[in-house]
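Notes follow once the structure below has been shown.
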Amino acid sequence: MDFRPAPDVLELLALTERWLEPQRSIDALLEAQAQPAGYQVSAWNQCAELGLCSLLIDEAYGGTQMGLEAMCHLSEAFGRALLASPHFAHAVLASDLLNMSEAEALKAQHLGAWAMGETCATVASGGRSDWVDGTLSGTWDNVLHGDTADQIVLTAHDQSGQPLILLLNADAFERTVQHGFDQSRQRARLVLPRRPVDPSEVIASGEHAQRLVSLAQQRAQVVLAYEQLGVAQACLDASLEYAKTRRQFGTIIGTFQAIKHLIADLYTQLEAARSAAVFAAWCADHEPDQLPFASLTAAQLAGDAAFQCAGQNIQIHGGIGFTWEHPAHLYFKRAQSNQHLLGCSLDQLDQAARLLELEGGC
Amino acid sequence: MDLRFSDEEQALRAQVRAFLHEQLGGRFAALRGRGGPGDEEELFDERLEWERFLGSQGWNCLSWPARYGGRELPLMQEVIFFEEYARAQAPGRLGHIGEGLLGPTLIALGTEEQRQRFLPKIASAEELWCQGYSEPGAGSDLAGIRTRAERHGDEWVIHGQKVWTSLAHRSDWCFVLARSEKGSQRHQGLSYLLVPLDQPGVDIRPITQPTGEGDFNEVFFDGARTEARWVVGAPGDGWRIAMATLAFERGTSTLAQQLNFANEWQQIATAAKTLGALKHQQIRHRLVQSRMELLAMRWSTLRMLTGMLEGRLSPEAYTLKLYWASWHRRLGELAMDVLGPSGAVVGSNYDLSSLQRLFLFSRADTIYAGSNQIQRNLIAERALGLPKDPWRA
C-alpha cells in the first residue's frame, strides 16, 4: 500500500508550483479578480501551454489521460494558490463529461482543442428547459465563467422531462456577467432564445445522460474536494505562521491554549478530510462501486474542513484578518462558495442517506 | 498511489480468517462475541485458555523476534490479524498489556535476562500484565507520581497507590513507575519496576464505573517487594522508559476497533429504523456524518501505518486518538437520541442495553490514554511546532 503520487504526477506538480508562485500574492489575487474576465487571460494561456487542461482527456483525442488522481493533486495546488481560472469548469466539468460520453463526433471535434486550451468550455446546469413545438429555450444562472467560454455543455431536459446533455456554441446564448460572491470565480447568466435542437448537438440523452451526469458529478466532487483541501491547508499554514509570530501579553499568541487547541482541532479535521479524499480519488480511478459514497464523503468532509480552516483563520488573525487587503476573506469566500458549487451541500447528506438506506419514516 | 493490500497481506488475511472460522466454529464456539464491553468479567478461564491456545499455534506477539515467541511479521500484517480477529467476533483479550506495551519495552530497553524471563510467558499467555502508572494525584500529569521504591539489599520495597489499573485483579505482574530517589522532583529520580502481584504487600480493589460494572482497580502497595534485577533501564531513568512504553502503542488494534465501531453504527441505524427515529432529518444526517467520518478514520489509519512502515513518524498520526475518541462520544450521544424515551429504563441490577452502555463508556474514551485536552496540546506542540505551555518543565 503506497499513498505517494506517481513520479510523473510529482513532476507535473513541481512544474505547476513554479508557475503558480508569482500568482500567490494578495496583489496578484486582487488584480486577477479585477480583470474583465475575472481571471488573467495570460495566465490561462500559460496554464493551457503547460498541458494542465489535458489530464482527463483520453490520448486518442489529444489529451494526456493522466487520470483523476493527477487532476486532484493539481486542483489542490490551485486551491492553495486560490487561482482565478476557468480551469475547473473547462478541464474538469466540461472535459471529463464529454470525454466519458459516447458522442464520437463531438469528441473528435472539440476534445483536442480543449486539451490544448485553444477553446474554452463550461457546464451549465440547474436551469429550466422550456419546450414549445420541438424548440428549446431556457435560462441558466451561476454558470462558471459562462461569459468567456466558447462552448457550453448544457444539462437540460427533453420534452418528456428526461435528462438531455447538449453541446452548444456559446454565441447561441445571450450572456450576462454575474460577479461571484467568491470574487475568484466569475459566473454568468445564460439565456437561450427559442431554437430547435439538432441531433448533432446532443452529447447524451435519457438514461445514458443520467448515468453520465451522475458519474461526472461524483468525479467533480472529488476534484473539488482536493481544491478545498488546498484552501484549507493555505489557511491552516497562515494561521500557524501568525500564531508563531504575533506577540500579545508579552508572549507569542501560539502559547495560549485557546489558540493551540483551536489550531489542533483544525489540523485534525483537515487530515481526516484528506484521508477521505485520498480514498475517493482511488475509487474514481479503481473502485467505481465505492465511488458514490466516497465522493460524497470527500465533498462533505473537505468542504467542512475548508470552511472551518478559512473561518478560523480570520478569527486567529484578529482584526487584521477582517480587512479587504488581507487574503483571509478571499479564501473564506472560496471555501463557502465551493460548498454549493456542485449543488446545495445539504443535498449531499440526503443523497448519502439514501445510499446507506436510511430512508425517512418508519 | 496504490491502495491495495499486498499479496502477502491478503494471504495472511485469508489464513487468519480460515483459522478463526474453524476454531470459533468448533471447540471455542461458546467464546464467540464474549468478553467485550460490559462482559469483561465473564468466561475468564475459558478466554485465558483460548489465548494460550493462540500462543501455542503461533498467533500471539506476531511482530516479536522469533527467539522470544514471535513471528517477526510486519506491522500491517499484525493489524490485519486483529481486524480479522474482530470480524470473527473472537473473544475480548487479556494479554494485550503484556503483548502491546511491556513486551516491546523489554525488547527495546530491557536486559536479556528480563527478556528471557518474561517475554516467552507473555507470548504463551502464561502470565498476564497490568500497567501501574496513574495515581490519584497524577493522571494527566504523570510526573507527579508519589509511589516510592527503596532498595533494601537485593530487593525493591514499594509503598504507594496506583489507580485505573485495568485487569489488575487478573494479572500476575505489574510494571510500576515509582519514585526511587528520595526528594527527587517530577521526571527525575523515577524507576520502572516489574512487580509480582501475588504477595501480601499488594492489595487490589475494584473501581465501579457509571455502567455499574468495572474493569478498573486501585492497587495499594504496602511493603510490596520485587527483585532488584527487575528494574528496566537504570534506576532513576524510569521516565524515559515509561514514555517509550507509551510510544510503543503502535495502532495494531486500530482497524479492529473500527470494525467494532462499524457494528455499533449499524446497530444504531437499525434501532433508528425500528424506533422511527429516521423520520427526523437530523438523525439521518448525524448517522451519515458519523459513517463518513468512520470512512475517513480507516484511511487515516492506513496512511499512518504506511507512514510508519517507511520509517516516517507522520505528524498527522497525533490526531488519531482525538479523532476516534470524539467520534465515539458523538456516536454514544446519537445512540441515546435514537432511543429517545425508551432509553430511560434499565433492567434490574442496573442492566444496561448495549446502546446505553456505549453512551456511558464513550465518555471515558476522551479521558483515558491521554485526554482530549492533552491530545490537543500534543498535536499543537509536537505535530505543528507551537510553543509549549509556559509552566511545562
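As given, the protein sequences belong to chains V and D, one line each in that order. Note that the numbering used here has the first sequence beginning at 1, numbered continuously upward. Note that the numbering used here has the second sequence beginning at 1, numbered continuously upward. Beta carbons: idealized from backbone N, C-alpha and C, even for Gly. Bear in mind that the values here come from a model prediction, so they are computed numbers and not experimental data.
### Message
Going residue by residue through the segment 17–66 of chain V, where are the continuous alpha helix (DSSP H) segments of at least 4 residues, counting only ones entirely within it?
### Response
Counting only runs of at least 4 residues, the segment 17–66 of chain V fully encloses the following alpha helix (DSSP H) elements, listed from N- to C-terminal order: 26–34 and 41–49.
### Query
In or out: D:Met292 buried (at least 16 other Cβ within 10 Å) or exposed?
The residue labelled residue 292 of chain D in the question sits at position 292 within the second sequence. Looking at its Cβ environment, which holds 16 or more other Cβ atoms inside 10 Å, D:Met292 is buried.
### Task
With 8 Å as the threshold, decide whether the Cβ of D:Met1 is near any Cβ in chain V.
Here residue 1 of chain D is taken as the residue at index 1 of the second sequence, counted from 1. Answer yes: the Cβ-Cβ gap between D:Met1 and chain V drops below 8 Å somewhere.
### Query
Tell me which same chain residues have a C-beta within less than 8 Å of the C-beta of V:Cys362, skipping the five on either side of it?
One-based indexing of the first sequence puts residue 362 of chain V at position 362. Bear in mind that a pLDDT of 44 at V:Cys362, under 50, signals an unreliable position, so the model cannot answer this.
#### Entry: Contacts around D:Gln282, its chain only, beta-carbon distance under 8 Å, and the 5 residues preceding and following it disregarded
The residue labelled residue 282 of chain D in the question sits at position 282 within the second sequence. Cβ neighbours of D:Gln282 within its own chain (closer than 8 Å, five residues either side excluded): none.
### Query
Three-state secondary structure (DSSP) at D:Asn60?
Mapped onto the second sequence, residue 60 of chain D falls at position 60. Three-state DSSP puts D:Asn60 in coil, outside helix and strand.
### Query
Taking the DSSP output, what are the residues bridged to V:Ser129?
For the purposes of this step, residue 129 of chain V is identified with residue 129 of the first sequence, where counting begins at 1. DSSP, once it has assigned bridges, lists V:Gly138 as partnering V:Ser129.
### Query
What do you reckon, are the CB atoms on D:Gly95 and D:Ala143 nearer than 8 Å?
Along the second sequence, one-based indexing puts residue 95 of chain D at 95. Along the second sequence, one-based indexing puts residue 143 of chain D at 143. Not closer than 8 Å, so no.
### Task
For D:Met1, collect the residues of the same chain with a Cβ closer than 6 Å to its Cβ; drop the 5 residues on either side in sequence, then sort them by chain order.
Residue numbering aside, residue 1 of chain D sits at position 1 when the second sequence is read from its first letter. Here the set comprises nothing.
### Cβ-Cβ distance between V:Ala225 and V:Ala284 below 8 Å
On the first sequence, position 225 is the one that residue 225 of chain V refers to. On the first sequence, position 284 is the one that residue 284 of chain V refers to. Contact: no.
### Burial state of D:Ala29, where buried means 16 or more other Cβ atoms lie within 10 Å
Here residue 29 of chain D is taken as the residue at index 29 of the second sequence, counted from 1. Around the beta carbon of D:Ala29, fewer than 16 other beta carbons sit within 10 angstroms, so the residue counts as exposed.
### Task
Give me whichever residues DSSP pairs with V:Thr251 in a beta bridge.
As a working note, residue 251 of chain V is residue 251 in the first sequence. In DSSP, V:Thr251 forms a bridge with V:Gln248.
### Message
Quick check: V:Thr122 and V:His145, are their CB atoms within less than 8 Å of each other?
### Response
Here the question's residue 122 of chain V lines up with position 122 in the first sequence. Here the question's residue 145 of chain V lines up with position 145 in the first sequence. Their beta carbons are under 8 Å apart, which means V:Thr122 touches V:His145 by this criterion.
### Task
Taking only beta carbons into account, state which residues of the segment 192–222 of chain V come closer than 9 Å to chain D, listed in chain order.
Interface annotation for the segment 192–222 of chain V against chain D: empty, criterion Cβ-Cβ distance under 9 Å.
### Query
Got a sec, what are the start and stop residues for the alpha helix (DSSP H) D:Ser191 sits in?
Sequence index remark: in the second sequence, residue 191 of chain D carries index 191 (1-based). That residue, D:Ser191, is in no alpha helix (DSSP H); its beta strand (DSSP E) goes Leu190 to Pro196.
### Task
Evaluate D:Ile207 with the Cβ neighbour count: other Cβ atoms within 10 Å of its Cβ, from every protein chain shown; 16 or more gives buried, anything less gives exposed.
To locate residue 207 of chain D, count along the second sequence from 1; it is residue 207. D:Ile207 is exposed by the Cβ-count criterion.
### Message
I want to see whether chain V comes within less than 8 Å of D:Arg284, judged by CB atoms only; does it?
### Response
Counting from 1 along the second sequence, the entry for residue 284 of chain D is found at position 284. Residue-level contact by beta carbon holds for D:Arg284 and chain V, with a gap shorter than 8 Å.
### Query
Between which two residues does the beta strand (DSSP E) carrying V:Thr268 extend?
The residue labelled residue 268 of chain V in the question sits at position 268 within the first sequence. V:Thr268: not part of any beta strand (DSSP E); member of the alpha helix (DSSP H) spanning Gln257 to His286, first to last residue.
### Message
Just to make sure I have the definition right: I need the residues of chain V whose C-beta is within less than 9 Å of the C-beta of D:Phe82. Which are they?
### Response
For the purposes of this step, residue 82 of chain D is taken as residue 82 along the second sequence, with counting starting at 1. Correct list: empty, because the minimum Cβ distance to chain V is about 17 Å.
### Query
Does the Cβ-Cβ distance between D:Cys61 and D:Glu99 come in under 8 Å?
Taking the first residue of the second sequence as position 1, residue 61 of chain D is located at position 61. Taking the first residue of the second sequence as position 1, residue 99 of chain D is located at position 99. Contact: yes.
### Task
Using beta-carbon positions only, say whether D:Phe221 and D:Gly160 come within less than 8 Å of one another.
Residue 221 of chain D sits at position 221 when you count from the first residue of the second sequence. Residue 160 of chain D sits at position 160 when you count from the first residue of the second sequence. The answer is yes: Cβ separation under 8 Å.
### Task
Give, in chain order, every unbroken run of the alpha helix (DSSP H) that is at least 4 residues long and sits entirely within the segment 81–152 of chain D.
Fully enclosed alpha helix (DSSP H) runs of 4 or longer: 103–109 and 112–123.
### Task
Kindly say whether D:Asn377, judged by its beta-carbon, lies nearer than 8 Å to any beta-carbon of chain V.
Here residue 377 of chain D refers to the residue found at position 377 when the second sequence is read from its first residue. Using a Cβ-Cβ cut-off of 8 Å, D:Asn377 counts as an interface residue toward chain V, since at least one Cβ of chain V sits closer than that to its own.
### Query
Under 7 Å Cβ-Cβ, which residues of chain V neighbour D:Phe5?
On the second sequence, position 5 is the one that residue 5 of chain D refers to. By Cβ distance, chain V contributes Met1.
### Message
Residues of the segment 323–347 of chain D in Cβ contact with chain V at a cutoff of 7 Å, in chain order, please.
### Response
Against chain V - using a Cβ distance shorter than 7 Å - the residues of the segment 323–347 of chain D are Tyr323.
### Task
Compare the C-beta of D:Thr306 with all C-beta atoms of chain V and state if any pair is closer than 8 Å.
To locate residue 306 of chain D, count along the second sequence from 1; it is residue 306. Closer than 8 Å to some Cβ of chain V, the Cβ of D:Thr306 qualifies, so yes.
### Query
If we cut at 8 Å on Cβ distances, does V:Glu49 have a partner in chain D?
What you label residue 49 of chain V is simply residue 49 of the first sequence in a count that begins at 1. The Cβ of V:Glu49 sits no closer than 8 Å to any Cβ of chain D.
### Query
Mapping DSSP to helix, strand and coil, what is D:Thr274?
Here the question's residue 274 of chain D lines up with position 274 in the second sequence. It is helical.
### Query
What runs of the alpha helix (DSSP H), each 4 residues or longer, lie entirely inside the segment 246–334 of chain D?
Those alpha helix (DSSP H) runs which fall completely within the segment 246–334 of chain D and span 4+ residues are 254–275 and 281–309.
### Close beta carbons around D:Leu3, own chain, < 7 Å, minus the five adjacent residues each side
Your numbering for residue 3 of chain D matches position 3 in the second sequence. Once the five neighbours on either side are set aside, D:Leu3 has no close Cβ partner at all.
### Task
Using a Cβ cut-off of 8 Å (strictly closer), state whether V:Gln257 contacts chain D.
Indexing the first sequence from 1 puts residue 257 of chain V at position 257. Output row for V:Gln257: interface = yes.
### Task
My understanding is that D:Val232 touches D:Leu194, with C-beta atoms under 8 Å, so please give their C-beta distance in whole angstroms.
Here residue 232 of chain D refers to the residue found at position 232 of the second sequence. Here residue 194 of chain D refers to the residue found at position 194 of the second sequence. 7 Å between Cβ atoms; contact.
### Query
Grouping DSSP H, G and I as helix and E and B as strand, with all else coil, what is V:Arg4?
Here residue 4 of chain V corresponds to residue number 4 of the first sequence, with the count starting at 1. Correct three-state label for V:Arg4: coil.
### Query
In three-state terms, what does DSSP make of D:Arg186?
Translated into the one-based positions of the second sequence, residue 186 of chain D becomes position 186. In the structure shown, D:Arg186 sits in coil (DSSP, three-state: anything other than H, G, I, E or B).
### Message
Using only CA atoms, which one of D:Gly238, D:Val163, D:Glu181 and D:Ser63 lies nearest to D:Arg205?
### Response
Numbered from its first residue, the second sequence carries residue 205 of chain D at position 205. Put simply, of D:Gly238, D:Val163, D:Glu181 and D:Ser63 the residue whose alpha carbon is nearest the alpha carbon of D:Arg205 is D:Val163.
### Task
State the CB to CB distance for the pair V:Gly134 and V:Pro196, rounded to an integer number of angstroms; the pair is presumed to be in contact (CB under 8 Å).
Here residue 134 of chain V corresponds to residue number 134 of the first sequence, with the count starting at 1. Here residue 196 of chain V corresponds to residue number 196 of the first sequence, with the count starting at 1. By a beta-carbon distance limit of 8 Å, V:Gly134 contacts V:Pro196. Their separation comes to about 6 Å.
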